[in-house]
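Engineer:
Protein chains in written order, with our numbering: chain A, 697 to 873; chain B, 1246 to 1590.
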């Protein structure tokens, strides 16, 4: 029984990095279904290896390294069937760019920015991000050409990322106050 | 600076990127640390938008509907991780046989109670659409007069029709056998201008100047063309409305992609009270850059039972940085026709 217990501290750390771990995997494997599979596999390995982790170690770095091996193994397996980035990119992508410490601030800024989107963009954003519709489905639901939906999603992401960058200092100050 | 990177990242996240797109994206990401940071920002944002079954969209829409909602990102994340932990534990028979709950298992129950959410980390769960909570405006779900409509114009037209006035400064009101039409097209009419000749007759509809939203990088104008009062259609009848219009846009010195949208909205509501949408139909097209050709756009809709008013409107929209450029040449429409066919059973 004792052998299978995961320390609370460990589970807390694992919980805290879930979103950034998913983002890291998605950045190297831009297919949501594959990224979710790898996240699951990585979590399982992290649970199995709980005892190997040293409390003073850098948990995120350790978890990301395990995710990286899983991603590379997945890429090798599905190299012929799917479009992938190269292994060099996996090496080049810095883990620090996916730091989980400020994600709550980003999330808050994202909520503000989402609200600023025009109505037609909010509708398409909801169908894509909330209801997880494919572009083809969205195109037929809103009666707009596929290319137009794709272009709108591009603008939505661009607007949001630019807006989040602008709003983050204000949100940060507000949360500190 | 990041335009190409943003565009290719978006394609890749929508899973429509070609091998050449992915190759180019990789080149850009490797190019500099600022490119890598931008890419990481875009992907992190994507994961936040999808993660926790669209918490951002939940937040916005629920706060608008004035419901009390508490945002529990930590709990929802905890649920995700703990599901993973439980999966790992599930590998062990000892865990399955153990009846003593651990601290983590207890935390899991608490977290799920508070968050009340499903977990995206479990494949399949997140794709379950919660359509009941998010009625789409174009379905037959009932909703208050849609924000998409130019409310003040529509309200004023409906008010006139309800009070049975037959004159309006800004529109022509014509009375047919079973319905009344408030028509604004004549008042939007202009002769040939900016190198564009009317398709029929001496006049064509000119849309007002676009309203630019600098933050969102969009420019948009919507004109309400007709409001049809169908309250006196015979009961036991089935009606279909067909709208047709031809469109053109003036030349610009730079490429500018204008999208036109023709929509028919069906409204219901007692006299003097709020009107609700019973459904709508919208069709759109991207205008070409040729001033000499007119493009045809149609929209058809079976009028749902209980409809009181039909609103036909035309929208022109530009998205992206080009929306911030001046658009002095205008957007035009002509040969506008609406046909309401009614079959009495």
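Glycine included, each C-beta is placed from N, C-alpha and C at the ideal position.
Could you name the residues of the stretch 846 to 868 of chain A whose beta carbon sits closer than 8 Å to any beta carbon of chain B, in the order they occur along the chain?
Structural biologist: Here the close residues are 846, 847, 848, 849, 850, 851, 853, 854, 855, 856, 857, 859, 860 and 861.
Engineer: Could you check what DSSP says for residue 1449/B in three-state terms: helix, strand or coil?
Structural biologist: The answer is strand: DSSP assigns residue 1449/B an E or B state.
Engineer: Apply the 10 Å Cβ neighbour rule to residue 1495/B and answer buried if 16 or more other Cβ atoms are within range, or exposed otherwise.
Structural biologist: The residue is buried, with at least 16 neighbouring Cβ atoms inside 10 Å.
Engineer: DSSP three-state call for residue 1414/B: helix, strand or coil?
Structural biologist: Looking at residue 1414/B - three-state DSSP - the assignment turns out to be coil, as it is neither helix nor strand.
Engineer: Quickly, what does DSSP pair residue 1471/B with across the bridge? List them, please.
Structural biologist: Bridge partners of residue 1471/B: 1428/B and 1557/B.
Engineer: Classify residue 1588/B as helix, strand or coil using the three-state DSSP reduction.
Structural biologist: It is a strand residue.
Engineer: Can you name the residues of chain A whose CB is closer than 8 Å to the CB of residue 1472/B?
Structural biologist: Within 8 Å Cβ-Cβ: nothing; residue 1472/B doesn't reach chain A, min ~21 Å.
Engineer: Is residue 1379/B close to chain A, meaning its C-beta is less than 8 Å from at least one C-beta of that chain?
Structural biologist: Any reading at residue 1379/B must be qualified, since the residue scores a pLDDT of 31, below 50, and its modelled position is unreliable; no value is offered.
Engineer: Can you give me the Cβ contacts of residue 1405/B inside the same chain, cut-off strictly under 6 Å, excluding the 5 residues immediately before and after it?
Structural biologist: Correct list, in chain order: 1413.
Engineer: Just by C-beta distance, which residues in the stretch 772 to 789 of chain A are closer than 9 Å to chain B?
Structural biologist: If the cut-off is 9 Å between Cβ atoms, the stretch 772 to 789 of chain A has 779, 780, 781, 782, 784, 785, 788 and 789 near chain B.
Engineer: Does residue 761/A pass the burial test, meaning 16 or more other C-beta atoms within 10 Å, or should it be called exposed?
Structural biologist: Residue 761/A should be labelled exposed.
Engineer: Using a C-beta to C-beta distance shorter than 8 Å, which residues of chain A count as neighbours of residue 1264/B?
Structural biologist: The contacting residues are 779.
Engineer: Tell me, please, whether the CB atom of residue 1467/B is closer than 8 Å to any CB atom in chain A?
Structural biologist: No, because no Cβ of chain A sits closer than 8 Å to the Cβ of residue 1467/B.
Engineer: At the 8 Å Cβ level, is residue 1286/B part of the contact set with chain A, yes or no?
Structural biologist: Residue 1286/B counts as touching chain A.
Engineer: Is it buried or exposed, residue 1538/B, if we count other Cβ atoms within 10 angstroms and call 16 or more buried?
Structural biologist: So residue 1538/B ends up on the exposed side.
Engineer: Just reading off the beta strand (DSSP E) that residue 1540/B is part of, what are its end residues?
Structural biologist: Segment 1540 to 1548, the beta strand (DSSP E) holding residue 1540/B.
Engineer: Who are the neighbours of residue 1487/B on chain A, taking C-beta pairs under 8 Å?
Structural biologist: Here the premise fails: no neighbours, minimum Cβ distance about 15 Å.
Engineer: Does the distance from the C-beta atom of residue 740/A to that of residue 810/A stay below 8 Å?
Structural biologist: Contact: no.
Engineer: Can you name the residues that DSSP bridges to residue 1513/B?
Structural biologist: 1521/B.
Engineer: Shorter than 8 Å from the beta carbon of residue 749/A to some beta carbon of chain B?
Structural biologist: It does not; no Cβ of chain B falls within 8 Å.
Engineer: For residue 1505/B and residue 783/A, I'd like the C-alpha separation in whole angstroms.
Structural biologist: Approximately 44 Å, taken between the alpha carbons.
Engineer: Determine whether the beta carbon atoms of residue 1487/B and residue 1543/B lie at a separation below 8 Å.
Structural biologist: Closer than 8 Å, so yes.
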